[in-house]
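Residue numbers for the sequence shown follow this note's numbering, beginning at 69 and rising by one.
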Amino acid sequence: YQDYTIRSRVSEGASLAGATKTAIDVSFSETGSLSAVPTTPASLGLASPASYQGKYVLSITVGPSGLITVALQSIGDLGTASGTNFSYSPISRGGNLEWNILDNGSLPAKYLPRR
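Structural data, given as C-alpha cells:
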C-alpha cells in the first residue's frame with residue numbers, strides 16, 4: 069500500500085509536466101527539430117519553473133532537445149522518492165513525438181509514472 073501511495077504522489081509530476089510536454093510538441097511541430105526546442109520557459113510560452121511547484125513537485129525544467137526534468141520535494145511523505153527526479157525524453161517518430169520516462173538513476177523505478 070505504501071508503494072501505491074508514494075507512486076500516486078510522484079504522479080503529481082506527470083500532471084504538472086503536461087503543459088510543458090504540450091509546449092514542446094508545438095515547438096517541434098513548428099520547427100521539425102528537437103534541437104530547435106527552446107530551453108527557457110518564456111520561449112516556450114510557459115511560466116517560470118517555480119510556478120509548476122506542487123505539494124510533492126519542487127520544479128519542472130526543460131533541457132536541450134526538449135528533455136523535461138521533474139524534481140521532487142525532499143519530504144518524508146515521498147519515502148525513498150524524496151529529493152529524487154525523473155525525466156521525460158522526447159523521441160521523434162514519423163514526425164510525431166513519443167515520450168520516454170527516465171528514472172535518472174535517482175527515483176526507484178517502481179514509482180515512475182506511466183507514459
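No residue lacks a Cβ here, since even glycine has one placed at the ideal position from N, Cα and C. Predicted model only: the values in this text are computed from it and were never measured.
In this structure, residue 94 keeps its C-beta atom at 8 Å or more from the C-beta atom of residue 133. If one requires a minimum length of 4 residues, the alpha helix (DSSP H) runs lying completely within the segment 77 to 131 are 80 to 99, in chain order.
Taken atom to atom, the span from the alpha-carbon of residue 121 to that of residue 128 is near 8 Å.
Boundaries of the beta strand (DSSP E) harbouring residue 170: 164 to 170, taken from the DSSP string. Pairing residue 98 with residue 178, the inter-Cα distance amounts to about 35 Å. Per DSSP, the unbroken beta strand (DSSP E) holding residue 140 starts and ends at 136 to 140. Residue 158: member of the beta strand (DSSP E) spanning 153 to 161, first to last residue. In the structure shown, the three-state DSSP call for residue 133 is helix.
Residues 140, 141, 142, 143, 144 of the same chain have their beta carbon placed closer than 8 Å to that of residue 150, with the five preceding and five following residues left out of the count. When rounded, the separation of the alpha-carbon atoms in residue 175 and residue 166 is 21 Å. Leaving aside the five residues that flank residue 171 on each side, the residues in its chain whose CB is nearer than 7 Å to its CB run, in chain order, 154, 177, 180.
Between residue 81 and residue 130, the C-beta spacing is not below 8 Å.
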